[in-house]
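Okay, structure first, notes after.
2 protein chains.
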Amino acid sequence: MLTYSEFRTMDDTSAKAPPYLADDQLQQGIEAMFFAYRGFTADPDRILAEKGYGRAHHRALHFIHRSPGTTVNNLLVTLGVTKQSLNRVLRTLIEDGLVHNAVGTRDRRERLLTLTQAGIALDKALSDAQRARMRAAFTAAGPDAVDGFRTVLEAMMDPDMRKQYKRLSEGGSK
Amino acid sequence: MLTYSEFRTMDDTSAKAPPYLADDQLQQGIEAMFFAYRGFTADPDRILAEKGYGRAHHRALHFIHRSPGTTVNNLLVTLGVTKQSLNRVLRTLIEDGLVHNAVGTRDRRERLLTLTQAGIALDKALSDAQRARMRAAFTAAGPDAVDGFRTVLEAMMDPDMRKQYKRLSEGGSK
DNA sequence: TTGGAATGTCAACAATGCTGACGTATTCTG
DNA sequence: CAGAATACGTCAGCATTGTTGACATTCCAA
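So the protein lines, in turn, are chains A and B.
Start counting the first sequence at 1; every next residue gets the next number (the working numbering).
Start counting the second sequence at 1001; every next residue gets the next number (the working numbering).
So, in structure tokens, the structure goes:
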């Protein structure tokens, strides 16, 4: 099979590229996403299973760690789930002493979420495992491929999610 | 990214860009995967919800379409789920007349799975939606980015899944 | 003071994973 | 041929994580 760039090079005799992508290219991309996402979650999932948590707990820990002091509503938007679904996860994390919630100072209705030391420790274990795979993939693929990887993924996001993503990438914390 | 001690002493005017760190690249990749996968599944999910199916039905339809006449065992390996989980999905698809299973010719214990016309139609609707987003992303990102995208995703897969992926890529495009 | 926003909680339900156990048909092997 | 192994289907039960809907509480803002 030709790569897309090879395909493009063959046909690219004019300044205007053909606005056509072979369905095989797209199909391959779809399957790549499917199989890669399985790998992406495999390592944290193993750790989570040992501790009795699920993927939703990982996501909550991750984004609380990423934006310390975030509110429940912010987290809802980022994770794209209902408050009931998040609340169930959040409650167990708070009960287990991994997450701390404090009454907001600017707005006392809000609950500002932070990780405890135990929460930081678990997040680190999960994050280390996931980053190790990402690092291996990035190293194997090379920096140019990594740029392309991020460019395509960003283009695949819903606009609202892209904003979330960019805000996190640029600021690290708002 | 702010540390926790920095967060605790932070006031509203202290926001500043954190220094560029190598781990930030990995973190950004992780979040890109998370947000992009949401976009990746969003369009098919809407169609599936209308029809009363879930993401697992989509996956089954996709890979049966991709490998017509595949067996249940083959599908189990590709999807990475248990036979009980797959069977539940497969049964509804067969009952609803989207999938046909025939007794194997080479080995009569096997069930050879194919899509019916109705199954092909639903798969096409789902596939069209997903491909449209993939096409838009590929077009926006450009051919070099697409190559990098696939390279990194492939490097992120578990070895067994990478074999599956390559087998499908080679066979499906001949 | 009142309306609405933010949050929490309870109940019910659905989709989709899992393990374990069992039955049937078929094929392979000694 | 007898028994082991394989492929598949199914039942039962359970966990995670998503959904709606309803309702109470707290508290900011007009």
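Ideal Cβ placement from N, Cα and C applies to all residues, glycine included.
Distance cutoff 8 Å, beta carbons only. Does residue i sit that close to anything in chain B?
i        : result
Glu95/A  : no
Ser169/A : yes
Arg108/A : no
Ala129/A : no
Arg133/A : yes
Ala125/A : no
Ala102/A : no
Ala42/A  : yes
Going along the chain, which residues of its own chain have a beta-carbon closer than 7 Å to the beta-carbon of residue i, five neighbours each way excluded?
i         : result
Asp1158/B : none
Asp160/A  : none
Ala1155/B : none
Asp1123/B : Leu1061, His1062, His1065 and Leu1115
Ala129/A  : Asp43, Pro44 and Ile47
Using a Cβ-Cβ cut-off of 8 Å, state whether residue i counts as contacting chain A.
i         : result
Gly1054/B : no
Arg1046/B : no
Arg1111/B : no
Gly1039/B : yes
Ala1121/B : no
Ala1049/B : no
Ala1137/B : yes
Since residue i is in the beta strand (DSSP E), which residue starts that stretch and which ends it?
i        : result
Thr71/A  : Run containing Thr71/A: none; DSSP gives neither H nor E here.
Arg111/A : Arg111 to Leu115
Ala102/A : Val99 to Val103
CB-CB under 8 Å to residue i, same chain, minus the five flanking residues each way: which ones, in chain order?
i         : result
Gly48/A   : Note that residue 48/A is Leu in the sequence shown, not Gly. So the list reads Gly54, Arg55, His57, His58 and Leu126, once near-sequence residues are dropped.
Val99/A   : Ala60, Leu61, Ile64, Leu90, Leu93, Leu113, Thr114, Leu115, Thr116 and Gly119
Ala132/A  : Asp43
Gly1039/B : Arg1133
Ser1085/B : Ala1056
Ala32/A   : none
Val1146/B : Phe1138
Arg1162/B : Glu1154
Within a Cβ cutoff of 6 Å, which residues of the same chain sit near residue i, ignoring the five residues on either side of it in sequence?
i         : result
Thr1092/B : none
Gln1025/B : none
Lys1083/B : Leu1076
Thr1041/B : none
Arg111/A  : Val72 and Asn101
Pro1068/B : Thr1114
Gly97/A   : Thr116 and Ala118
Tyr1037/B : none
Gln1164/B : Thr1078
For the alpha helix (DSSP H) holding residue i, just list the boundary residues, first then last.
i         : result
Gly1054/B : First-last for Gly1054/B: undefined, no H or E at that position.
Arg215/A  : Residue 215/A falls outside the range modelled here, since chain A spans only 1 to 174, and no answer is possible.
Met161/A  : Pro159 to Gly171
Asp1147/B : Pro1143 to Met1156
Which residues of the segment 140 to 166 of chain A have a Cβ closer than 8 Å to any Cβ of chain B? Give them in chain order.
Within the segment 140 to 166 of chain A, Ala140, Ala141, Gly142, Asp144, Ala145, Val146, Asp147, Gly148, Phe149, Arg150, Thr151, Val152, Leu153, Glu154, Ala155, Met156, Met157, Asp158, Met161, Arg162, Gln164 and Tyr165 place their CB atoms closer than 8 Å to a CB of chain B, listed in sequence order.
Any contact between the segment 88 to 107 of chain A and the segment 1109 to 1122 of chain B? By contact I mean 3 or more CB pairs, one from each, below 8 Å.
With a cut-off of 8 Å, the segment 1109 to 1122 of chain B and the segment 88 to 107 of chain A do not count as touching, because too few Cβ pairs lie within range.
Contacting positions in the segment 1019 to 1036 of chain B - beta carbon closer than 8 Å to chain A:
Listed by position, the residues of the segment 1019 to 1036 of chain B near chain A (Cβ gap below 8 Å) are Asp1023, Asp1024, Gln1025, Leu1026, Gln1027, Gln1028, Gly1029, Ile1030, Glu1031, Ala1032, Met1033, Phe1034, Phe1035 and Ala1036.
For the segment 1164 to 1173 of chain B and the segment 1062 to 1078 of chain B, state whether three or more C-beta atom pairs, one from each stretch, are separated by less than 8 Å.
With a cut-off of 8 Å, the segment 1062 to 1078 of chain B and the segment 1164 to 1173 of chain B count as touching, because enough Cβ pairs lie within range.
Quick one: any contact between the segment 130 to 140 of chain A and the segment 1133 to 1140 of chain B, if contact means 3 or more CB pairs under 8 Å?
Counting Cβ pairs under 8 Å, fewer than three are found: no touch.
Short of 7 Å Cβ to Cβ, which residues in the segment 79 to 90 of chain A face chain B?
The segment 79 to 90 of chain A vs chain B, Cβ under 7 Å: Gly80.
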